[in-house]
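Novice: Counting from 564, one number per residue, gives the positions in the sequence shown under my numbering.
Where is the CB? At the ideal position from N, CA and C, for every residue including glycine.
Before I ask anything, here is the structure I am working with.
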Amino acid sequence: KCVWLLQRIVTWSRDPSLLGRETCAGAPITSPMNVPMIILNVLHELQTKGAISTESGVLGIDLAMEEEWCISEILKHVKRERKQVLEVVLADGSLCPGYDGRHMNPGHAIEAGWFVLQYANRSGRADLVQVA
Numbered sequence: 564k565c566v567w568l569l570q571r572i573v574t575w576s577r578d579p580s581l582l583g584r585e586t587c588a589g590a591p592i593t594s595p596m597n598v599p600m601i602i603l604n605v606l607h608e609l610q611t612k613g614a615i616s617t618e619s620g621v622l623g624i625d626l627a628m629e630e631e632w633c634i635s636e637i638l639k640h641v642k643r644e645r646k647q648v649l650e651v652v653l654a655d656g657s658l659c660p661g662y663d664g665r666h667m668n669p670g671h672a673i674e675a676g677w678f679v680l681q682y683a684n685r686s687g688r689a690d691l692v693q694v695a
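Spelled out as structure tokens, the structure:
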């Protein structure tokens, strides 16, 4: 059941309209950091508990692809030149106008860094260790 629910959550995270959430006309498409951050951690926890494996496509989840998607989404929020980790950015990773574009959550920045570091160590991605 947990893998089925994870599949649903991943699907909803890619297309929130499936949840019936309406968007305001003209509102920019944003990318919140909490979604890929939590999915990355849940994938890791399910993997360590043996509920999913690294074998591609087991139970309909391509673990490597999902983890890479999470990493790429999280990295959109890291603004090295500004020394910031933003909570919300536009879908392309650019700065979001208004309050959302200035919102930072230090706890999420620390958590995301920890999850990225765990992933970097598991996957041998030394380039991510420095970012984390």
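1) According to DSSP, simplified to helix, strand and coil, what is T611?
2) Using CA coordinates, which residue listed in Q647, I624, D690, V679 is at the minimum distance from L603?
3) What distance in whole Å lies between the Cβ atoms of M596 and E650, which are believed to be in contact at a cut-off of 8 angstroms?
4) Please classify T593: does DSSP put it in a helix, a strand, or coil?
5) Only counting the same chain, and skipping five residues up and downstream in sequence, which positions put a Cβ closer than 6 angstroms to that of G676?
6) When you compare only the Cα positions, how much space is there between S594 and L609?
7) Quick one, which of D663, I624, V652, H671 has its alpha-carbon nearest W567's?
Specialist: Judging by the given coordinates:
1) The count along the sequence shown starts at 1 and reaches residue 611 at position 48. Of the three classes helix, strand and coil, the one that applies to T611 here is helix, per DSSP.
2) Start at 1 with the first residue of the sequence shown, and residue 603 comes out as number 40. Looking at the Cα atoms, V679 is the closest of the given residues.
3) Residue 650 sits at position 87 when you count from the first residue of the sequence shown. Residue 596 sits at position 33 when you count from the first residue of the sequence shown. Indeed they touch by this definition, with Cβ atoms about 6 angstroms apart.
4) The count along the sequence shown starts at 1 and reaches residue 593 at position 30. Strand at T593.
5) Start at 1 with the first residue of the sequence shown, and residue 676 comes out as number 113. Around G676: A695.
6) Counting from 1 along the sequence shown, the entry for residue 594 is found at position 31. Counting from 1 along the sequence shown, the entry for residue 609 is found at position 46. Computed Cα separation, rounded: 24 angstroms.
7) Start at 1 with the first residue of the sequence shown, and residue 567 comes out as number 4. Comparing Cα-Cα distances from W567 to each of D663, I624, V652, H671, the minimum goes to I624.
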